[in-house]
Structure formats: structure tokens, C-alpha cells
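In this note's numbering, the protein residues as written are 1 to 79. Virtual Cβ for every residue (Gly too), placed ideally from N, Cα, C. Beneath this line is the structure, given in C-alpha cells, with notes to follow.
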């Protein structure tokens with residue numbers, strides 16, 4: 001059975017293997033148990049296995065901004 005989805009969390013739950021296609025070409029093939037959201041995104045964007053994902057980087061920047069505001073005695077920004 002072939003499943004096409006943009007819900008990356010589903011892949012690991014229902015697939016024995018995942019084939020990642022990007023730009024019309026196969027860029028990776030992963031066993032289902034290894035096809036978590038981070039691995040699929042890294043494969044799709046051709047990132048190294050240890051590369052930080054954009055949402056991880058953004059989350060760290062927001063946490064640092066909040067910490068700086070608190071150290072300066074200001075209220076942290078609201079999003």
C-alpha cells in the first residue's frame with residue numbers, strides 16, 4: 001500500500017519503510033521505525049543527521065530572549 005501524507009507523525013505509526021521524495025526525486029529511504037519527524041525533515045532537506053532543525057533553533061532563540069528579559073528585570077515578550 002502506498003500512503004502519501006504531510007502528517008509526518010503518521011509515517012512511523014503505519015509504515016514499514018518510508019521513501020522521501022523531494023523535487024521529484026527519491027532522496028532517502030528509511031525503515032519505518034527510524035522514520036520519525038526529525039529524520040524525515042532532515043532527509044527532505046538534505047541535512048546532516050546532526051543538523052539542527054529550524055524549529056529547534058527558533059525555540060532556543062526564544063528561550064534565550066525570555067531569559068535575557070528576565071535578567072534585565074523586564075517582562076518577557078508575549079507571542
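Residue 34: which of 13, 21, 45 sits nearest, CA to CA? Against the chain shown, residue 34 aligns to sequence position 34. Distances from the alpha-carbon of residue 34 to those of 13, 21, 45 put 13 closest.
What does the alpha-carbon distance come out to for the pair residue 16 and residue 36? Position 16 of the chain shown, counted from the first residue, corresponds to residue 16. Position 36 of the chain shown, counted from the first residue, corresponds to residue 36. Within the model, the alpha-carbon separation for residue 16 versus residue 36 is close to 12 angstroms.
To the nearest angstrom, how far is it from the Cα of residue 70 to the Cα of residue 62? As a working note, residue 70 is residue 70 in the chain shown. As a working note, residue 62 is residue 62 in the chain shown. Just so you know, the alpha carbons of residue 70 and residue 62 end up roughly 12 angstroms apart.
Report the three-state DSSP secondary structure of residue 25 (helix, strand or coil). In the chain shown, counting from the first residue as 1, residue 25 sits at position 25. In the structure shown, the three-state DSSP call for residue 25 is strand.
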